[in-house]
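Each remark here refers to the structure printed beneath this line.
Number of protein chains: 2
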Amino acid sequence: MEQDAPRKTLPRLDESLLTHLPPFSRLERRQIRTILNQASSRRYAPGSHIFDEGESAERFFMLLDGYVRVVRVTSTGEQVTALHIPSGQLLGIAKALGRDTYPATAVTATESIALSWPTRLWDTFVADYDGFATETYKTLGHRVGEMNNRIVEMATQQVEQRVANALLRLVNQTGRKVEGGIEIDFPITRQDLSELTATTLHTASRLLSGWEKLGLVESKRKRIKVCDPHALVMLSQGR
Amino acid sequence: MEQDAPRKTLPRLDESLLTHLPPFSRLERRQIRTILNQASSRRYAPGSHIFDEGESAERFFMLLDGYVRVVRVTSTGEQVTALHIPSGQLLGIAKALGRDTYPATAVTATESIALSWPTRLWDTFVADYDGFATETYKTLGHRVGEMNNRIVEMATQQVEQRVANALLRLVNQTGRKVEGGIEIDFPITRQDLSELTATTLHTASRLLSGWEKLGLVESKRKRIKVCDPHALVMLSQGR
DNA sequence: ACCGCATATTGCGCTGGAGCAACGTTTCGG
DNA sequence: CCGAAACGTTGCTCCAGCGCAATATGCGGT
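Laid out in structure tokens, this is it:
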């Protein structure tokens, strides 16, 4: 499935790629040039693994384009999606948590492009680049917050509310305005949605069908558009 | 309920309190003295709140003695326990995640003693004390890992397995060897256990009763002793 | 144009475990 | 020492949602 496409340092990565991304936004052109010169760039086909849980964390990544799902697989083969990462964020930052292996698997949801650096540069980045650590820990804090919320959700809410919540979160984070509503910006199956909400694809499908009849959402294959976010918010709070 | 007992800088905190704790273990006596001089010490009765979710994070803490439960409360008043923290660990380290409010509530499970410092000293600690940041992020990484595992558990396992897992985790982290088994070192009710495993106290009670009949555990009020850990491991893995 | 596969829908039966209720037991304050 | 509150147990009922199965439909490859 994976053919390890060779990483290449593209002839000339433009500084503007990074200048507006939080971890690098306080840096000067010169510093960004240095950073880019150390980076490898690579394109990933949809569904490919950027790294796998348990692997030793050789590199850390900056997602420049696309979407990535952070997934964990149980011993019995079930998948649980922990998180979605949109472009502009770091991933695989095991080092920031004092780990030397990746804690989860990163799978691309769409075609994606990511820069990466050898993990050994991490400490240099933290030490040399003002704001890098701070911003990194901010996104980390954000992710921890999300995980926390999911735990609370799963512990206290019904399936219907969880699915509604998940949909809203996806729309907020990765929504693209289209006519008649907001569409989730990457292909997502009922199965994906069920792995995100700890239910079965059957139940997810039934819920979506129901909501579609009520005009809350519209969905084609692998595409979900939310037409009435407010109604979903109601649902997500149990009426 | 809380009468804000005055924090006092105890006459003479002994350096040996901190020398063996990871975040401080690489420091010299002189540095530890400085750190202690800036600390406030306080005793907490069981069940008291060290800080509450959403409060602005004025201070960070080192738990010297006791156990703390990290809890989140939903809008409908249900409690979900995210984590147990044993003595020797930092808590309330919002700053490490780039936050300026506490992400959850910390409640003491036993009588506890904690040192605390104003959050404004955080950056100083990170900058001045070798190994402080590294060790902090290690425990953070560990906690994130735990949260992750709980998500996967809750998503894929049955109640029985989750409760078995929770018990094993508690025993591993805070177990005290007693005759006939290993006992959880702090008072824990069926209700607590259910909040830890996303179930009801009824179900938790039934499970414990069942296991007690099989000789896997023994429990008095607020006390649980695991007699046959191996059998519990079996259960926790679905037979 | 065709086949084959991945994705989606829907009906139906079954059950884990929540919800409710009633009661027993230990602890603690006064 | 007594009464009340906190904690624990257990029986019964009910239903959300899982598991299974059958069918439909869009999509990519040759």
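Protein chains in written order, with the numbering used here: chain A, 21 to 259; chain B, 21 to 259. Every residue gets a Cβ at the ideal spot worked out from N, C-alpha and C, and that includes glycine. A quick note: this is a predicted structure, and the numbers were derived from the prediction, not measured.
C-beta contact flag for residue 239 (chain B) and residue 188 (chain B) at 8 Å: no
Closer than 8 Å to chain B by CB, residue 172 (chain A): yes
Beta bridge counterpart(s) of residue 99 (chain A) as assigned by DSSP: A:93
Reduced DSSP category for residue 45 (chain B) - H, G, I as helix; E, B as strand; rest coil: coil
N- and C-terminal bounds of the alpha helix (DSSP H) containing residue 12 (chain A): Only positions 21 to 259 of chain A appear in the structure, and residue 12 (chain A) is not among them; the question remains open.
For residue 235 (chain A) and residue 51 (chain A), the rounded distance between their alpha carbons: 51 Å
The stretch 76–89 of chain B / the stretch 131–138 of chain B touching (three or more Cβ pairs under 8 Å): yes
C-alpha gap between residue 208 (chain B) and residue 87 (chain A), whole angstroms: 43 Å
Contact the stretch 55–70 of chain A vs the stretch 119–127 of chain A: 3+ CB pairs below 8 Å: yes
Inter-stretch contact (C-beta, 8 Å, three-pair minimum) for the stretch 243–255 of chain B and the stretch 198–206 of chain B: yes
Selection from B:197, B:228, B:196 and B:198 that minimises the alpha carbon distance to residue 211 (chain B): B:228
Candidates B:170, B:121 and B:84, of which the one nearest residue 110 (chain B) by Cα: B:84
Residues, ordered as in the chain, of the stretch 103–118 of chain B that lie near chain A by beta-carbon distance below 9 Å: 114, 115, 116, 117 and 118
Alpha-carbon spacing of residue 142 (chain A) relative to residue 120 (chain A), whole angstroms: 12 Å
8 Å Cβ cutoff, residue 98 (chain B) in contact with chain A: yes
Check whether residue 150 (chain A) and residue 53 (chain A) have beta carbons under 8 Å apart: no
Backbone CA spacing between residue 144 (chain B) and residue 58 (chain B) [nearest angstrom]: 12 Å
Residue 80 (chain B) - containing beta strand (DSSP E), residue span: 79–85
Where residue 16 (chain B) falls, given that 16 or more other Cβ within 10 Å makes a residue buried: Outside the displayed span of chain B (21 to 259) sits residue 16 (chain B), for which this structure offers no information.
Candidates B:254, B:37, B:36 and B:43: closest to residue 148 (chain B) by CA position: B:43
Environment of residue 253 (chain B) [buried if 16+ CB atoms lie within 10 Å]: exposed
Beta carbon proximity, residue 123 (chain B) to chain A, threshold 8 Å: yes
Pair within 8 Å by beta-carbon distance, residue 154 (chain B) and residue 179 (chain B): no
Assigned secondary structure, residue 63 (chain A) (DSSP; H/G/I helix, E/B strand, else coil): strand
Closest Cα partner of residue 182 (chain B) within the set B:63, B:117 and B:215: B:215
Distance between residue 108 (chain B) and residue 116 (chain B) (C-alpha atoms, nearest Å): 17 Å
Local Cβ density within 10 Å of residue 40 (chain B), reported as buried at 16 or more and exposed below that: exposed
Exposed unless 16 or more other CB atoms sit within 10 angstroms - verdict on residue 132 (chain B): buried
Amino acids of chain A, ordered along the chain, whose beta-carbon sits closer than 9 Å to that of residue 209 (chain B): Within 9 Å Cβ-Cβ: nothing; residue 209 (chain B) doesn't reach chain A, min ~17 Å.
DSSP three-state assignment for residue 115 (chain A), whether helix, strand or coil: helix
Close Cβ partners of residue 22 (chain B) (< 8 Å) along its chain, the five nearest in sequence each way excluded: Note that residue 22 (chain B) has pLDDT 43, beneath the 50 cutoff, so the model's placement of it is unreliable and the number below is only indicative. Once the five neighbours on either side are set aside, the close Cβ partners of residue 22 (chain B) are 68 and 69.
Chain-ordered residues of the stretch 143–175 of chain A with a beta carbon less than 7 Å from chain B: 154, 157, 158, 160, 161, 164, 165, 167, 168, 170, 171, 172, 174 and 175
Cβ neighbours of residue 75 (chain B) in the same chain (closer than 7 Å, five flanking residues each side left out): 121 and 122
Three-state class that DSSP yields for residue 233 (chain A) in the structure shown: helix
Chain-ordered chain A contacts of residue 79 (chain B) [CB-CB under 9 Å]: What residue 79 (chain B) touches in chain A: nothing, since even the nearest Cβ is about 18 Å away.
As assigned by DSSP and simplified to three states, the class of residue 52 (chain A): helix
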